[in-house]
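Some notes on the structure that comes next.
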Ligand SMILES: [Zn+2]
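Residue numbers (our numbering): 386 to 650.
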């Protein structure tokens, strides 16, 4: 019932504030697993295909995260109907289920991997451990030119709960390993569990990244953008096509403002 009410509200907002007309900024989408498991954050492969088809059919400009950073550095023009795709943690199904669809549409994407889990599995709140990407799969995708592999620490711990020394090691070591194994320069970083603070942002900046992404929902515009606190809209198992459409634009921003008034807790 709750999800029906959410879909209805998003549907109304979509009608009133069509994301294609009201689009003033770029939406960074955050995915995790794309598969058939029952974990909350997982998007079914069929649903993922429908979402990418939607972007293609409605002429959204899907650009890379580094492409977005460049546009923002140049003043933030050309952000209308612009979307960035990101995947967190490095689930193996990204290779099997998302990569072929991304290749089909030529959509660039960034995968943030926790390097300590590469080739192993990662547990979650649903106690359904999921297999993770191998270095071979990461190398193949990085070589395609459309997938950018960036770090998400080693052990996937909340950086705000670590000492500055430990947090620095988590950030710098994961960056170094990816750079060495994939022969590239890392430019962006994702905070595990979206957990960051001003001092954690400083550590990411100090490690030489150009930007870092959070799990706070919102749209990226040219005004007041903080490169080390980029907002992202989460796409999970509860996101149907109506909610997906809202996550691309202004409806999602309004929804979160309205939600605060309806349930301020
Ligand atoms: Zn994560």
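The beta carbon of each residue, even a glycine, is placed where N, CA and C say it ideally should be.
Same chain only: Cβ atoms within 6 angstroms of residue i, ignoring 5 sequence neighbours per side
| i | result |
| --- | --- |
| residue 426 | 417 and 621 |
| residue 434 | 486 |
| residue 522 | 480 |
| residue 497 | 473, 535, 537 and 575 |
| residue 508 | 514 |
| residue 461 | 607 |
| residue 593 | none |
| residue 495 | 450, 471, 533 and 535 |
| residue 502 | 517 |
Closer than 6 angstroms: residue i CB and nearest ligand 1 heavy atom
| i | result |
| --- | --- |
| residue 473 | yes |
| residue 516 | no |
| residue 693 | Summary: the structure shown does not reach residue 693, with the chain confined to residues 386 through 650, and so no result is reported for it. |
Helix, strand or coil at residue i according to DSSP, with G and I counted as helix
| i | result |
| --- | --- |
| residue 516 | strand |
| residue 493 | coil |
| residue 556 | helix |
| residue 434 | helix |
| residue 595 | coil |
| residue 523 | helix |
| residue 536 | strand |
| residue 573 | strand |
| residue 499 | coil |
| residue 605 | strand |
| residue 390 | helix |
| residue 424 | coil |
| residue 482 | helix |
| residue 547 | coil |
| residue 453 | helix |
| residue 622 | coil |
| residue 412 | strand |
| residue 439 | helix |
Cβ pair residue i, residue j closer than 7 angstroms
| i | j | result |
| --- | --- | --- |
| residue 473 | residue 575 | yes |
| residue 618 | residue 412 | yes |
| residue 556 | residue 500 | no |
| residue 415 | residue 490 | no |
| residue 419 | residue 483 | yes |
| residue 631 | residue 395 | yes |
| residue 585 | residue 392 | no |
| residue 475 | residue 526 | no |
| residue 566 | residue 520 | yes |
| residue 606 | residue 616 | no |
| residue 547 | residue 572 | no |
| residue 599 | residue 388 | no |
| residue 553 | residue 582 | no |
Beta-carbon contacts of residue i that lie in its chain and below 8 angstroms, excluding the five residues immediately before and after
| i | result |
| --- | --- |
| residue 543 | 577, 578 and 580 |
| residue 549 | 584 and 588 |
| residue 629 | 436, 439 and 620 |
Spatial neighbours of residue i in its chain, beta-carbon cut-off 7 angstroms, leaving aside the 5 residues before and after
| i | result |
| --- | --- |
| residue 463 | 456 |
| residue 422 | 513 and 515 |
| residue 506 | 514, 515, 516 and 517 |
- [ ] Count the C-beta pairs between the stretch 558–571 and the stretch 524–541 that are closer than 8 angstroms, then say yes if the count reaches three, no if not.
- [x] Cβ pair count under 8 angstroms is three or more, so yes.
Open item on the list: Three or more C-beta pairs under 8 angstroms: does that hold for the stretch 447–454 against the stretch 462–470?
Closed with: A contact exists between the stretch 447–454 and the stretch 462–470.
Task: Segment contact, 8 angstroms Cβ cut-off, at least three pairs: the stretch 607–615 with the stretch 453–464 - done: Yes: at least three Cβ pairs fall under 8 angstroms.
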